[in-house]
Each structure stands twice: as structure tokens, then as C-alpha cells.
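Written below as C-alpha cells is the structure these notes are about.
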Amino acid sequence: MRQYASKMTLAAIVLAAGVTTAAAQDSIKVGVIQPLTGAFAASGNYVANGAKIAADEINAKGGVLGKKLELVIEDNKSNPTEAAAVAEKLIVRDKVPVMMGAWGSGFTLAIMPKLMEYKVPMLVETSSAGKITTSGNPYIFRISPPSAVEATAFAKIVDRLKIGKADFLVVNNDWGRGAAEDFGKMFKEHNIKVGLVETMDPPAQDMSAQLAKIKASDADTLIITTAVEQLTLIFKQAAALGLKKRIITTGGSQNPDQLIEQAGAAANDTTHITFFTPWNPNVSADPAMAKAFIEEWKKRGYPFAGLTESFRGYDGIRTIAAAITKAGKAEPEAIRAAFWQIEVPGMNGKIKFEKAGPAGQESGQSNPGIYLIKIENGKVVLPNA
Amino acid sequence: MDQFLQHLLNAVMLSGTYALLLWGGVAKAIVTPFPEAPLVVGPVSISWLRLFVLAAALLLIGASYLLIHRTKLGKAMRATFQDAETAALMGVNIKGIFTATFAIGSGLAAAAGALLGPVFLVTPTMGDLASLKAFAIVILGGLGNITGATIGGFILAFVEEIGAGYISSGYRDAMGFLIIIVVLLFKPTGLFARAERIG
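Protein chains in written order, with my numbering: chain A, 1 to 385; chain B, 1001 to 1199.
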């Protein structure tokens, strides 16, 4: 009797597995790799949720090539080794024809060799290290601006800010160091002296030593590149030290509302370079789409602060869907070729990939706009651009 | 002991996961009643919150020291630590001592978490960095030595700050590992170990 029962259970399980896999044939899987835990958990979750909104919107309109778009979301734990491991899992076990990820430049760079090995394209939605599109990897298509483009866009207004000498405080990975390098180069071209370049470990919580050094320096401005958790800690510790320099942050992962909520008064009088302005959707490239996205985000009960990053997940999935539609089939090589041919209206500009990197092995790079915002008296203010 | 260790491991591994499940991975800030403006004495500014954390920590360290060196329970703990079997022979309830010690240790760790939460941010992995430094401090100060651990803690803090300030800010958290290596090379029993048999 026991043997019979267990055999029946086994048979039932196998049948159920068969049924579920059969159902899954009717959907197109897209891998999404984000830091859902670890030092960058806030940003990763925002992007993943933005991606889900896009997928649901697309499926509501009939899906892609008549099938449902299924997001397979994996956590890279804010760790490059984990990122490479989950990328391999998505490609080999889930057999995804295309992926989006992996938020941090270090994580994306760790995945790039896997893309070359398995010949699967990946859309990069947030990472900004220059190396990503200049290393000769034809499977990379990036919609976020590299720090060099950020610096160039910032150069247009930097003279107005009258910076004499700037110090850098950046997170110690490809993103932070890349930003220090690109902005430093741009500053030198505008006769702005570069002072200290201090770094901090991604999971570091105490930056007082670096801030004490910066407080004692003779620079008038401090440029900070890191994500919202560390920014909160830096602002609080800077206020505790009595640091009185002008602070400008870069990178687009500041989530100003979360900064205001968690750092309080310490976040006042700080300036930020961001890529989307949910406080005033009318200045974005497609106000109607921006408003609809913001409405859906609020309806799902997600924190408003996440909008400054989630739009990248939204744009990324819509771009991938457009590529799959253009390719006509959910195959990695066809999708890769299709990326070059599409043009998608994005939240902060038209998404169209230009060739970047060494000839013959170019990666795709799209060029969005940037916005400068300030936090004053606990509110986000858009200065006259 | 085997059962106990199993439960212990479960608790450690699951608590982090439960925390993640309950509260999510996004960091949370804790509001404090202290003023934002720091206390400024000449060129030095210290935040009131950190002064409070220092005061509370010193109080807890003092209380632990008194407990271990001036009470009967403390004597039983020290005896069990020196030689568990002999202590049992002397009538000490060693299973009870293990439980009590573990409870007190956990309580101190919880207090540390509560004190540091407002200083930094609260995340499911906020204790990882502290655990690493705790290792370095215990190796520096000697196992089972409260005074050694306290002084070791201060030494680690100084080395970290000076290292981060004058050598390289990126390597600040690695200073703890540096200390572990140096101490293990030259004085494996810790800087303040007394010449006594353990176990």
C-alpha cells in the first residue's frame, strides 16, 4: 500500500511537471539580473519592479509574437561572482534568449565573458562604466549613459556653477572609479582643479575618515558617486562632522526622495545629476508615457523614491520586447541583430543604439538626456536648466 | 551539545533570511531624539548620537566586567571556561552556564545592533561587517578576556581610522584582517592573554 501510494505521488509529480513545462512553452522568457539583496538592494528592487510593470503592460496588449513575456528575475546579491553565476544559470538552465542587467558596472563586467561564451545578448539598463561598451563585446546593448556621456552633458552647465576645485568621494568599483576618471578629465578641460580622490568599499558604513580628510582640504566642491544607501550615510556623517562644501552627486542612483526621508536635514542643499524627473513629468521626453508609468507605480504601492531608477527597468523590457518583435523569433542571434534596427521612445529620450567600441565588435550605446536637481528644505527642486 | 549546535546554526542562518523576508532588503533609517547639529569643540565635531552610543557601550562593558569578575555567576562562568569537567565536579551546572553565557552574549549583541542602527542604516546584513571585526578583536584581545577585548576594540578602531585617513581610504575594513595576520604571526594567544590553561 505504501509503495503504491509513493509511486502514485511520484507519477503525479512527474505529470504536473510535464504540464507546467508544456504551459511554459507558450511564453518567451527574458532573464533579469538585479541586486535584490546586499549593498544595492534598494536600486535593484526598483529596477526589477519597473521591469515587471513593463512586462505586464506588454502582456495586457497581447504579449510578444503572440506569446506571453515571462520575466525570470534573479538576484546577483550585489556581488560580481554571484552575477556571473546567475547569468550562467539563466542561459543554461532557463534557456533565456536575451537578458537585462545587472545594475552595477562591476556585475555587468563580470557577466560579459559569459555573453561571449554563450552568444546571448544582454541589455544594460543602469551600469555606467565606459569599459562596458568599449571592450569589443557585440552582445552588449546599453541604454544608460556611460560616465563619459554624463560628464559631457554636465559640462554644458558646469561653467555656470563656478567650481574652483573639486574633491571626489567615490565607491571603490568600476562605476565609482570610472566616474572619477571621466568627470576629472572633463574638469581639467574646463580649468577646474581636481583635489583628493577618496574611495570607499561598497558595503562600507563608516566614511568619517574620508570625510575628515575632505573637510580639511581646500576644495570648494565635493563630487560623490555611489548609491542611495551609502549617500544617506555620507550625508549624515558629513553633517555630523560639520562639512560645509557644496555637494554634487552623480550616477543616477540617488533616489532623492529616499535620501530626504532617511537623511533628513542632512540632505538639504545637495545637487544631483539624475536621468528621470518624476516630480515633474512634463519635462521628460514623453510626458504622457511618464505620467502613465508614474500612475501605475503609485497604484502598485511602490515607494515614490524608486521612480528615479525604475524607469530603466521599464525602458529596458520595452526595448527587449521591440527587439524580439523585430527579430520575429525568440532566438539569441536574431534578437542581437534586431537590436541594431529598432528605435523605441524611452522615458528620457529616443532609444537607438549607436556603434561603440573597437570596429567589428561594437557594442550598442544609446544616448539619453540628464537632469540636474537640488534638494532644498526637504523637497526636490528642479532649477532652471 | 550536538542538538544545541544544530539549533544554533539554524537560528543564525535563518534569522538573516527571516529578516529579509519580513522587512525586505531595502535599508531603513531610525529616527533619534538627538539634535542633528554636532557638538563642536575647537576643530573637532562629534555627533550627540555617537557620544550616547559611546556612553551606553562603556556602561554595558562595565556591567559585563562586574558580572564576570565580581559575582558568583561570573565565577562559575570563569570556572567553566577554565575547565568544564572540573567545574562540573565542583557542582557547577555547566549546561546552565552555557545557556546563561550565550543568553548574555546575545543580549549584548542585540544592544550593539540597537545602538548602531541609528548611527548607520538597518539592513538584514548590517551585522556581517561587525562580526568580522569582532573576530579580529577577539584574536587581538585573547579569547575569554573582556579587558583584552575592550582594549583590542579601541586598538582596531585606531588602526582603521589612521589607516583609512593616512594610508588608503579604500582599505579601511581590511585593516582588521591585517591585525589578525600580524597578531597570529607574533602572538597567537592575543596581546593580553594570561598564562593559564584553557579547556
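Ideal Cβ positions, reconstructed from N, Cα and C, are used throughout, including at glycine.
Within the same chain, and ignoring the five residues on either side of A/G369 in sequence, the residues whose Cβ sits closer than 8 angstroms to its Cβ are A153, F275, A285, N348 and G349. Those residues of the stretch 1018-1046 of chain B placed with their C-beta closer than 7 angstroms to a C-beta in chain A are L1020, G1025, V1026, A1027, A1029, E1036, P1038, V1040 and S1045, ordered along the chain.
Between the alpha carbons of A/P281 and B/S1064 lies a distance of about 57 angstroms. Contact check between the stretch 133-148 of chain A and the stretch 200-209 of chain A: fewer than three CB pairs, one atom from each, fall below 8 angstroms, which does not count as touching.
Distances from the alpha-carbon of A/L241 to those of B/F1120, B/F1192, B/V1040 and B/V1119 put B/V1040 closest. With distances taken between CA atoms, A/P303 lies nearest to A/I260 out of A/M289, A/I342 and A/I260. In the assembly as shown, B/G1062 is an exposed residue. Its beta-carbon has fewer than 16 other beta-carbons within 10 Å. Neighbours of B/L1129 in chain A, taken as residues whose beta carbon is under 7 angstroms from its own, are P203 and Q205 in chain order. Segment contact: the stretch 32-43 of chain A against the stretch 244-258 of chain A, three or more CB-CB distances shorter than 8 angstroms; contact assigned.
With contact defined as three or more Cβ pairs closer than 8 angstroms, the stretch 222-236 of chain A and the stretch 167-180 of chain A are in contact. Looking at B/V1053, B/P1118, B/A1149 and B/G1176, the one whose alpha-carbon comes closest to that of B/V1031 is B/P1118. Scanning its chain for C-beta atoms nearer than 7 angstroms, with the 5 sequence neighbours on each side dropped, one finds around A/A84 the residues A110, I111 and K114, in chain order. Under the three-state reduction of DSSP output, A/I192 falls in the coil class, being neither helix nor strand.
Assignment of A/M100 by DSSP, reduced to helix, strand and coil, places it in the strand class. In this structure, the alpha-carbon of A/A330 lies about 12 angstroms from that of A/D26. Runs of the beta strand (DSSP E) spanning 3 or more residues and lying entirely within the stretch 54-97 of chain A occur at 68-75, in chain order. Cβ-Cβ distances below 8 angstroms link B/Y1171 to G1163 and A1164 in the same chain, with the five nearest sequence neighbours on each side left out; the list follows chain order. Taking each of A/P332, A/S366 and A/P358 in turn and checking the Cα distance to A/I342, the smallest one comes out for A/S366. When secondary structure is reduced to three states using DSSP, A/L36 falls in the coil class, being assigned neither helix nor strand.
Shown in chain order are the members of the stretch 1091-1122 of chain B whose Cβ falls below 7 angstroms from a Cβ of chain A: F1120 and L1121. At least one beta carbon of chain B lies nearer than 8 angstroms to the beta carbon of A/L233.
Scanning chain A for C-beta atoms nearer than 8 angstroms to the C-beta of B/A1063 yields nothing, as the closest lies near 26 angstroms away. When DSSP reads this structure, A/K298 sits in no beta bridge, so it has no partner. Taken atom to atom, the span from the alpha-carbon of B/L1129 to that of B/S1106 is near 17 angstroms. DSSP assignment within the stretch 138-224 of chain A yields the following whole beta strand (DSSP E) runs of 3 residues or more, N-terminal first: 140-142, 165-171 and 193-200. Within the same chain, and ignoring the five residues on either side of B/A1111 in sequence, the residues whose Cβ sits closer than 8 angstroms to its Cβ are A1056 and L1060.
For the C-beta of B/G1165, the chain A residues within less than 7 angstroms are, from N- to C-terminus, A209, A212 and K213. With the rule of 3 Cβ pairs closer than 8 angstroms, the stretch 244-256 of chain A counts as touching the stretch 209-224 of chain A. Within the DSSP secondary-structure output, B/L1039 pairs in a beta bridge with B/I1046.
The continuous alpha helix (DSSP H) containing B/G1105 extends over residues I1094 to V1119.
In the three-state reduction of the DSSP assignment, A/T133 falls in the helix class. Residues of the same chain with a CB within less than 8 angstroms of the CB of A/L231, apart from the 5 flanking positions on each side, are I224, T249, Q254, L259 and A263 in chain order. Taking C-beta atoms as the reference points, A/L123 and A/M100 count as a pair closer than 8 angstroms. A direct Cα-Cα distance of roughly 13 angstroms separates A/M186 from A/K165. For B/E1161, the neighbours in chain A by C-beta distance under 8 angstroms run, in chain order, S208 and A209. Residues of chain B with a Cβ closer than 9 angstroms to the Cβ of A/L109 do not exist; the shortest Cβ-Cβ separation is about 18 angstroms.
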